[in-house]
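K.L.:
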Amino acid sequence: MKVSADGQGVVSHAGVGMLRELAERTGLVTGLSEPLLDSYKGLPVHAPGRVLTDLAVAVADGAINISGIQTLTDRQDVFGPVASMPTTWRVLDRVTEERLPAIRKARAEARSTAWEAGAGPENSAEDAGPLVIDVDATISVAHSEKENAAATWKRTFGFHPLLAFLDRPEISGGEALAGILRPGNAGANTAADHITVIDKALDALPAAVRPGAEAGPGVLVRSDSAGASHAFADHCREMGVEFSFGYFLTQPVQQVVDQIPAQLWQAAINTDSSIREGAWVVDATDHVNIKSWPAGTRLILRKERPHPGAQLSFTDADGHRVTAFITDTDPEAVDHKIQGLELRHRQ
Numbered sequence: 001m002k003v004s005a006d007g008q009g010v011v012s013h014a015g016v017g018m019l020r021e022l023a024e025r026t027g028l029v030t031g032l033s034e035p036l037l038d039s040y041k042g043l044p045v046h047a048p049g050r051v052l053t054d055l056a057v058a059v060a061d062g063a064i065n066i067s068g069i070q071t072l073t074d075r076q077d078v079f080g081p082v083a084s085m086p087t088t089w090r091v092l093d094r095v096t097e098e099r100l101p102a103i104r105k106a107r108a109e110a111r112s113t114a115w116e117a118g119a120g121p122e123n124s125a126e127d128a129g130p131l132v133i134d135v136d137a138t139i140s141v142a143h144s145e146k147e148n149a150a151a152t153w154k155r156t157f158g159f160h161p162l163l164a165f166l167d168r169p170e171i172s173g174g175e176a177l178a179g180i181l182r183p184g185n186a187g188a189n190t191a192a193d194h195i196t197v198i199d200k201a202l203d204a205l206p207a208a209v210r211p212g213a214e215a216g217p218g219v220l221v222r223s224d225s226a227g228a229s230h231a232f233a234d235h236c237r238e239m240g241v242e243f244s245f246g247y248f249l250t251q252p253v254q255q256v257v258d259q260i261p262a263q264l265w266q267a268a269i270n271t272d273s274s275i276r277e278g279a280w281v282v283d284a285t286d287h288v289n290i291k292s293w294p295a296g297t298r299l300i301l302r303k304e305r306p307h308p309g310a311q312l313s314f315t316d317a318d319g320h321r322v323t324a325f326i327t328d329t330d331p332e333a334v335d336h337k338i339q340g341l342e343l344r345h346r347q
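Residues 1 to 347, numbered by UniProt numbering, are exactly what the sequence shown covers, in order.
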């Protein structure tokens, strides 16, 4: 193979053309334009759906702010007409709260079209297990005073959005479903925010795989301990989705770790079902009072010898790092039962 930097007729960023074409063929450009057209006095020079999808393409190409759309503007011989940065700002200003439901619907319909064409997850069939939606908050640092930027719990400054991604091992990072913008000082374990984002995430799924759909695969919501609130668990039950939440190591749970007989602990497993050396799991449901959680909820503990040099914490027991999670999935519904539930939560 020969690599050269002096080729002729080389076009940079040519690959993003496929993303623009994808937006067109799935109907996303048209779907995003329709709810915004009534805000124009006449026909816009640049279709608002085209502007919004070009902005998304720019982000996929590495843009970190709106000025990144100018990368496409410089390649109009390849991409065709691309809106300027001021035009992009004006289109974003037209996305009002009243128009957001129609925009979310357009995104869901485009996703459904893409999945029907073969871009859906491998486990969207009824017998392939549930779709797993991961809900987690993340910190986005702001380097200057911006609207809603605030101090975060990690002593940084910026924002604290809550995001929901569909777990797809074949796609790095998964498939983005929904998110809500929040100031930096927003709580990590706010039940109302978790409920809002999971409702939006479920609406973003194709109708054929949403909870309650005939022959659907089912849905599992997975979160760290920030999502482990009674209100969120109850809402998941109402929506017909299973949950798997990290669980705080409270004092009663910590005491149980030392009280459970050694013979009840089972070896944890790896993704390929092989034994995970130095790690064990146990169903502690009968040893801790969790009756306030939805019926069928189980508490599962895991302990593992830390890697050499790892720093132990006060919640570790007898040289083992201990973690816990709760789930309302029946162990009989997964391979390897308790071990399978723990693997699913850890993946």
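In this text, a Cβ means the ideal position worked out from N, Cα and C, and glycines have one as well.
Nearest CA to the CA of F157: which residue from S112, G184, I133 and A215?
P.N.:
Counting from one through the sequence shown, the residue named residue 157 turns up at place 157. Selected option, being the one with the closest Cα: G184.
K.L.:
Near A47, what residues of its chain come up, given a Cβ to Cβ distance below 7 Å and the 5 sequence neighbours on each side ignored?
P.N.:
Numbered from its first residue, the sequence shown carries residue 47 at position 47. Here the set comprises V29 and S33.
K.L.:
Measure from the alpha carbon of S223 to the alpha carbon of each residue in A188, E304, D61 and L100, then state which is nearest.
P.N.:
In the sequence shown, counting from the first residue as 1, residue 223 sits at position 223. Ranking A188, E304, D61 and L100 by Cα distance to S223 puts A188 first.
K.L.:
Helix, strand or coil for I260? Go by DSSP, reduced to three states.
P.N.:
Translated into the one-based positions of the sequence shown, residue 260 becomes position 260. In the structure shown, I260 sits in coil (DSSP, three-state: anything other than H, G, I, E or B).
K.L.:
Count the other CB atoms within 10 Å of the CB of G49; is the residue buried (16 or more) or exposed (fewer)?
P.N.:
Along the sequence shown, read from residue 1 onward, the residue named residue 49 stands at position 49. G49 should be labelled buried.
K.L.:
Just the Cα atoms here: how many angstroms apart are G31 and A106?
P.N.:
Here the question's residue 31 lines up with position 31 in the sequence shown. Here the question's residue 106 lines up with position 106 in the sequence shown. Between G31 and A106, the C-alpha separation is close to 5 Å.
K.L.:
Starting from E24, trace the alpha helix (DSSP H) both ways and give me its first and last residue.
P.N.:
As a position in the sequence shown, residue 24 is number 24, starting the count at 1. Counting along the chain, the alpha helix (DSSP H) containing E24 begins and ends at V16 to R25.
K.L.:
If you compare alpha carbons, which of L166, G240 and H345 is closest to I133?
P.N.:
For the purposes of this step, residue 133 is identified with residue 133 of the sequence shown, where counting begins at 1. That would be L166, whose Cα lies nearest to the Cα of I133.
K.L.:
If distances are taken between C-alpha atoms only, which option among L92, A226 and R90 comes closest to L162?
P.N.:
Taking the sequence shown and counting its residues from 1, one reaches residue 162 at position 162. Ranking the options by Cα distance to L162, first place goes to A226.
K.L.:
Are the CB atoms of E342 and I275 within a distance shorter than 7 Å?
P.N.:
The residue you call residue 275 lines up with position 275 of the sequence shown. The residue you call residue 342 lines up with position 342 of the sequence shown. In this structure, E342 does not lie closer than 7 Å to I275 by Cβ.
K.L.:
Kindly give me the distance between the Cβ atoms of P130 and L220, rounded to whole angstroms, as I take these residues to be in contact under 8 Å.
P.N.:
The sequence position of residue 130 within the sequence shown is 130, counting from 1. The sequence position of residue 220 within the sequence shown is 220, counting from 1. Their Cβ separation, rounded to whole angstroms, is 4 Å, which keeps P130 and L220 in contact under 8 Å.
K.L.:
With 16 other CB atoms within 10 Å as the buried threshold, where does A284 fall?
P.N.:
For this step, residue 284 is matched to residue 284 along the sequence shown. When all chains shown are included, A284 counts as buried.
K.L.:
Over what stretch of residues does the beta strand (DSSP E) that includes D136 continue unbroken?
P.N.:
Numbered from its first residue, the sequence shown carries residue 136 at position 136. Counting along the chain, the beta strand (DSSP E) containing D136 begins and ends at L131 to A137.
K.L.:
Do T53 and A23 have their C-beta atoms closer together than 7 Å?
P.N.:
For the purposes of this step, residue 53 is identified with residue 53 of the sequence shown, where counting begins at 1. For the purposes of this step, residue 23 is identified with residue 23 of the sequence shown, where counting begins at 1. Contact: yes.
K.L.:
Between P206 and W115, which are expected to be in contact by the criterion C-beta below 8 Å, what is the C-beta distance as a whole number of angstroms?
P.N.:
Residue mapping note: residue 206 aligns to position 206 of the sequence shown, counting from 1. Residue mapping note: residue 115 aligns to position 115 of the sequence shown, counting from 1. That belief holds up - the Cβ atoms of P206 and W115 are roughly 5 Å apart, short of 8 Å.
K.L.:
Could you compute how far the alpha carbon of N270 sits from the alpha carbon of A204?
P.N.:
What you label residue 270 is simply residue 270 of the sequence shown in a count that begins at 1. What you label residue 204 is simply residue 204 of the sequence shown in a count that begins at 1. Whole-angstrom Cα-Cα distance: 31 Å.
K.L.:
Going by C-alpha to C-alpha distance, which of K146, L202 and S84 sits closest to V135?
P.N.:
The residue labelled residue 135 in the question sits at position 135 within the sequence shown. Of the listed residues, the one whose Cα sits closest to V135 is L202.
K.L.:
How many angstroms separate the CA atom of R20 from the CA atom of V57?
P.N.:
Taking the sequence shown and counting its residues from 1, the one referred to as residue 20 is at position 20. Taking the sequence shown and counting its residues from 1, the one referred to as residue 57 is at position 57. Whole-angstrom Cα-Cα distance: 7 Å.
K.L.:
Thinking just about the alpha-carbon of each residue, which of A176, V282, H287 and T190 is nearest to the one in H336?
P.N.:
The residue you call residue 336 lines up with position 336 of the sequence shown. Minimum Cα distance to H336 is reached at V282.
K.L.:
Please work out which residues of its chain come closer than 7 Å, Cβ to Cβ, to R94, disregarding the five sequence neighbours upstream and downstream, and give them in chain order.
P.N.:
Here residue 94 is taken as the residue at index 94 of the sequence shown, counted from 1. If we look at R94 and ignore the five residues flanking it on each side, its Cβ neighbours are L36, S39 and P48.
K.L.:
Looking only at C-alpha atoms, which of G27, P121 and G179 sits nearest to I139?
P.N.:
Along the sequence shown, one-based indexing puts residue 139 at 139. Looking at the Cα atoms, G179 is the closest of the given residues.
K.L.:
Tell me where the alpha helix (DSSP H) around Q347 begins and ends.
P.N.:
By one-based count along the sequence shown, residue 347 stands at place 347. Q347 -> no alpha helix (DSSP H), and no H or E assigned at all.
K.L.:
With DSSP as the reference, identify every bridge partner of W280, one or two as the case may be.
P.N.:
Taking the first residue of the sequence shown as 1, we reach residue 280 at position 280. DSSP lists A267 and K303 as partners of W280.
K.L.:
Measure how close the beta-carbons of S244 and F159 come, nearest whole angstrom, since I'm counting them as under 8 Å.
P.N.:
As a working mapping, residue 244 is identified with position 244 in the sequence shown. As a working mapping, residue 159 is identified with position 159 in the sequence shown. Between F159 and S244 the Cβ distance is about 27 Å, and since that is not below 8 Å, they are no contact.
K.L.:
Could you please give the first and the last residue of the uninterrupted beta strand (DSSP E) stretch that includes S223?
P.N.:
Position 223 of the sequence shown, counted from the first residue, corresponds to residue 223. Looking at the DSSP string, the run of the beta strand (DSSP E) that includes S223 is V219 to S223.
K.L.:
Indicate the three-state DSSP secondary structure (helix, strand or coil) for G31 in the structure shown.
P.N.:
Residue numbering aside, residue 31 sits at position 31 when the sequence shown is read from its first letter. Here G31 sits in helix by DSSP.
K.L.:
Which same chain residues, not among the five before or five after V91, have their C-beta less than 6 Å away from its C-beta?
P.N.:
Taking the sequence shown and counting its residues from 1, one reaches residue 91 at position 91. Only P48 and V51 meet the Cβ criterion.
K.L.:
Are the beta-carbon atoms of T88 and L55 separated by less than 7 Å?
P.N.:
Within the sequence shown, the letter at position 88 stands for residue 88. Within the sequence shown, the letter at position 55 stands for residue 55. Contact flag set, yes.
K.L.:
Taking C-alpha atoms, which residue in A164, A186, L177 and K41 lies nearest to A149?
P.N.:
Residue 149 sits at position 149 when you count from the first residue of the sequence shown. Here the closest residue by C-alpha is A186.
K.L.:
For G212, which residues in the same chain have their Cβ closer than 8 Å to its Cβ, ignoring the five residues on either side in sequence?
P.N.:
Translated into positions along the sequence shown, residue 212 becomes position 212. These residues qualify, in order along the chain: G240.
K.L.:
Do you know offhand how far A208's Cα is from Q263's?
P.N.:
If you number the sequence shown from 1, residue 208 lands on position 208. If you number the sequence shown from 1, residue 263 lands on position 263. The straight-line gap from Cα to Cα measures roughly 44 Å.
K.L.:
Helix, strand or coil for I290? Go by DSSP, reduced to three states.
P.N.:
Within the sequence shown, residue 290 is the residue found at index 290, counting from 1. It is coil, neither helix nor strand.
K.L.:
Just to confirm the assignment: which complete alpha helix (DSSP H) runs, minimum length 4, are found wholly within the stretch 79-118?
P.N.:
Qualifying alpha helix (DSSP H) stretches, in chain order: 85-93 and 100-114.
K.L.:
How close, in whole Å, do the beta carbons of R302 and T323 come, if the pair is a contact with beta carbons under 8 Å?
P.N.:
In the sequence shown, residue 302 corresponds to position 302, counting from 1. In the sequence shown, residue 323 corresponds to position 323, counting from 1. That belief holds up - the Cβ atoms of R302 and T323 are roughly 5 Å apart, short of 8 Å.
K.L.:
Can you tell me whether V45 is buried or exposed? The criterion is at least 16 other CB atoms within 10 Å of its CB, across all chains shown.
P.N.:
Counted from its first residue, the sequence shown places residue 45 at position 45. Exposed is the call here.
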